[in-house]
Amino acid sequence: MTIHADGSALRRIFIDKQSPKVFHALLQTVEVVRATAADAGLGRTTVELINLRVSQLNGCAYCLDLHTRSALRAGESAQRLGVLAAWRDTDMFSDSERAALALAEATTDPTNADAQTSAYEAARQALTDEQISAAIWVAITINAFNRVSIMSRHPVPSLPKR
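The numbering of the sequence shown is this note's numbering, which starts it at -5 and goes up by one.
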């Protein structure tokens, strides 16, 4: 909860609960995007890497938690998740994953024309047109979900310690 300078609390609304029809439409969109990614041959771990990288850039704690668990369930390694923020500085990611991550970053910061050009150049070498489109759609949808969670201040649930 955010506290004003006068000590009073600012109560945020969960916009997904306040406007459930809109949120349901967003959920339907992500299902279509996931199916599109799968049909294009963009693996589930690549999709989760995109979700995580965009969530890192946006600082969305709720989505970072959710998609870290999803990536682990999909078979992603804790080591690769741990270095994802510095993916350019390691050889742990394939050319196609690197291209997808660059596209995700360019989609998240659309004001950087040089990054967009560079990302497209890399994508053209490593991904099909269908995979490029799917990767961009994954980035677009997670950006939307990040904003829902950030503006709502969705709390990260505490999980039992192992």
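The beta carbon of each residue, even a glycine, is placed where N, CA and C say it ideally should be.
Determine the closest residue to residue i out of the options, with distance taken between C-alpha atoms.
| i | options | result |
| --- | --- | --- |
| GLN122 | GLU91, VAL16 and VAL142 | For the record, residue 122 in the displayed sequence is Thr; it is not Gln. Here the closest residue by C-alpha is GLU91. |
| THR135 | VAL77, SER13, HIS18 and ASP89 | HIS18 |
| MET86 | SER71, GLU99 and ALA100 | SER71 |
| THR23 | ALA55, LEU75, GLU115 and TRP131 | TRP131 |
| GLU99 | SER112, SER88 and ARG147 | SER112 |
| ALA117 | ALA94, SER146, THR101 and LEU4 | ALA94 |
| GLN119 | PRO104, ASP89, HIS148 and GLN110 | ASP89 |
| ALA133 | PRO154, LEU153, THR101 and ALA107 | THR101 |
| GLY69 | LYS155, LEU153, ARG38 and ASN106 | ARG38 |
Ordered along the chain, which non-local residues of its own chain (more than five positions away) have a Cβ less than 6 Å from that of residue i?
| i | result |
| --- | --- |
| ALA128 | THR30, ALA31, ALA34 and LEU36 |
| ASN52 | ASN140 |
| VAL150 | ALA55, TYR56 and ASP59 |
| TRP81 | PHE87 and LEU95 |
Using 10 angstroms around the beta-carbon of residue i, count the other beta-carbons present and answer buried if the total reaches 16, otherwise exposed.
| i | result |
| --- | --- |
| THR40 | buried |
| SER49 | buried |
| THR27 | At residue 27 the sequence reads Val, which differs from the Thr that was named. It counts as buried. |
| GLN125 | buried |
| LEU97 | buried |
| ALA79 | exposed |
Could you name the residues of the same chain whose beta carbon sits closer than 7 Å to that of residue i, not counting the 5 residues immediately before and after it, in chain order?
| i | result |
| --- | --- |
| ALA138 | LEU20 |
| ARG147 | ARG6 |
Got a sec? Which residues, its chain only, sit under 8 Å from residue i by beta carbon, not counting five neighbours each side?
| i | result |
| --- | --- |
| LEU75 | LEU46, THR62, ALA65 and LEU66 |
| ALA109 | ALA96, GLU99, ALA100 and ASP103 |
Any 3 or more C-beta pairs closer than 8 Å across the region 58 to 67 and the region 41 to 50: With the cut-off at 8 Å, the region 58 to 67 and the region 41 to 50 touch.
Stretch-stretch touch, CB-based, cutoff 8 Å, three pairs: the region 3 to 20 with the region 132 to 149: A contact exists between the region 3 to 20 and the region 132 to 149.
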